[in-house]
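In my numbering, the protein residues as written are 23 to 465.
As structure tokens, this is what we get:
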């Protein structure tokens, strides 16, 4: 057998016989530069033999078994072949694109292959954790857990408990706005035994299913899911759908569910002021507000659901959550959808006025004024009594007081006579006149 001949036409020719005409086994272009006539052949008798070919400043390794693709038995070997070989996976063999009859030729990925069906397979494995799917059981009870890794067997320190299958009894609300974002609450039994609850919405008009992840609430009988938006499909509202749930492989019953038109909320012209002492009721005006769909926690105040919804003719009433009344910041009123939120207004919490200091000041001032007034009246009364004491007349029987008889007679006159008498007697003047002529006599 002769060495491969390398030509400038970029062909590799394998001569298999000296007596017969030679024919190229394969033809491919290595490079745009000419091929050097000097080559290196390594391991020519082995299966992994190869030759090194120089084109310009580039060296290419070519297998001696032939740069064809038939000898590459697995998909991974086929796709790892050098690019110039132009190999691809076709069904169950490695071929060139022109040699693949089925049209399933690919150079991108290899499809997974199942060689053996195990009882259950790990869902994920890491250095420290292995997650496995549990097989089905007929009755709820505890089981020992044993893990086999190659030849090593390990027993878990705790038991695994099978519970009754989760069951959804009802959902509410049973409607969602077209833009989604509604919180659907599913109530049932044993819902907390599910690791990854999902809600699936089947839309007959589209022939499609929409799956969303759900979350657990504090109760073991409640899970909550957010509806997807179907606005992009331009469906005429309202339209009916079906809803069911998947709980780690267990499917629930179907529930009727409807999508309705989006509401049109009117924006607040100015912030709304509320105080702690009031009922904290907000009135949100708008059109096309469905009384059922709006209960899906789509109206938010300060990132919390507006409570006690009451639909009126062209508005909806709701109360601000009580735990937000302590806030000193501005709260947004939002309409929550699946992919965005629309701010329709703002709320300002007006704190209660503290009148304790003011009342204490008023009371203290009033008490001081009252004390001062009492003290003033007392001083005035005392002064009057003192002045009156200095003007008292002391009668001394040893002193002769002129006109005293007139004073007595004047006081003995009846009021009527005094009123009609032409002579008016003033005892003070009489007394003063007699006082200037007082004489003391020694008896």
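Don't be surprised by glycine CBs; every beta carbon is placed ideally from N, CA and C.
Asked, Found
"Quick one: Cα of residue 128 to Cα of residue 267, how far?", "38 Å"
"According to the neighbour-count rule (16 or more other Cβ atoms, all chains shown, within 10 Å of its Cβ), is residue 437 buried or exposed?", "Note that residue 437 has pLDDT 46, beneath the 50 cutoff, so the model's placement of it is unreliable and the number below is only indicative. So residue 437 counts as exposed."
"Restricting to Cα atoms, I'd like to know which of 395, 343, 80 is closest to residue 61.", "80"
"When the Cα atoms are used, what is the spatial distance from residue 407 to residue 392?", "23 Å"
"Please classify residue 263: is it buried, with 16 or more other beta-carbons within 10 angstroms of its beta-carbon, or exposed?", "buried"
"Quick one: complete beta strand (DSSP E) runs, 3+ long, within the stretch 322–402?", "329–333, 337–341, 352–358, 363–372"
"Give me, in chain order, the residues of the same chain whose beta-carbon lies closer than 6 Å to that of residue 178; leave out the 5 immediate sequence neighbours on both sides.", "167"
"Use the C-beta contact count for residue 67: other C-beta atoms within 10 angstroms, 16 or more gives buried, fewer gives exposed.", "exposed"
"How far does the beta strand (DSSP E) with residue 154 in it extend, from its first residue to its last?", "152–154"
"Taking the alpha-carbon positions, what's the residue 152 to residue 247 distance?", "28 Å"
"Measure the CB-CB distance between residue 100 and residue 116 and report whether it falls below 7 Å.", "yes"
"Tell whether a beta-carbon distance below 7 Å holds between residue 367 and residue 290.", "yes"
"For the alpha helix (DSSP H) that residue 101 lies in, which residues bound it at each end?", "97–101"
"Just to confirm my understanding: we take residue 233, look at its own chain, exclude 5 residues before and 5 after, and list those with CB closer than 6 Å. What are they?", "220, 222"
"Specify the secondary structure class of residue 407 as computed by DSSP and reduced to three states.", "helix"
"Looking only at DSSP bridge pairs, what is residue 233 linked to?", "222"
"Where does residue 292 fall in DSSP's three states?", "coil"
"Where does the unbroken beta strand (DSSP E) through residue 278 begin, and where does it stop?", "277–282"
"Report the rounded CA-to-CA distance for residue 322 versus residue 354, giving the unit in angstroms.", "8 Å"
"Helix, strand or coil for residue 169, going by three-state DSSP, please let me know.", "strand"
"Consult DSSP for residue 86 and reduce its assignment to one of helix, strand or coil.", "coil"
"Which residues share a DSSP beta bridge with residue 160?", "DSSP lists no partner for residue 160."
"Might you give, ordered along the chain, the residues of its own chain that have their beta carbon closer than 8 Å to the beta carbon of residue 92, omitting 5 neighbours on each side?", "115, 116, 117"
"Return helix, strand or coil for residue 433, following the three-state DSSP convention.", "With a pLDDT of only 47 at residue 433, under 50, the local geometry of the prediction cannot be trusted, and no value is derived from it."
"Just to confirm the assignment, what range does the beta strand (DSSP E) spanning residue 194 have?", "189–194"
"Shortest alpha-carbon distance to residue 106 belongs to which of 96, 119, 95, 113?", "119"
"For residue 64, collect the residues of the same chain with a Cβ closer than 7 Å to its Cβ; drop the 5 residues on either side in sequence, then sort them by chain order.", "71, 72"
"Please return the same chain residues whose Cβ sits closer than 7 Å to the Cβ of residue 109, not counting the five positions on each side in sequence.", "91, 94, 100, 103, 116, 118"
"Along the chain, where does the beta strand (DSSP E) that runs through residue 79 open and close?", "Per DSSP, residue 79 belongs to no beta strand (DSSP E) and is neither H nor E."
"Does DSSP put residue 439 in a helix, a strand or coil?", "Residue placement at residue 439 is flagged as unreliable, the pLDDT there being 46, under the threshold of 50; a coordinate-derived value is accordingly withheld."
"What is the residue span of the beta strand (DSSP E) that residue 269 lies within?", "261–269"
"Residue 115 lies in the beta strand (DSSP E); which residues open and close that run?", "115–118"
"In terms of residue numbering, what span does the beta strand (DSSP E) encompassing residue 197 cover?", "197–199"
"How many Å lie between residue 261 and residue 280 at the Cα?", "6 Å"
"Please report the distance separating the alpha-carbon of residue 164 from that of residue 365.", "51 Å"
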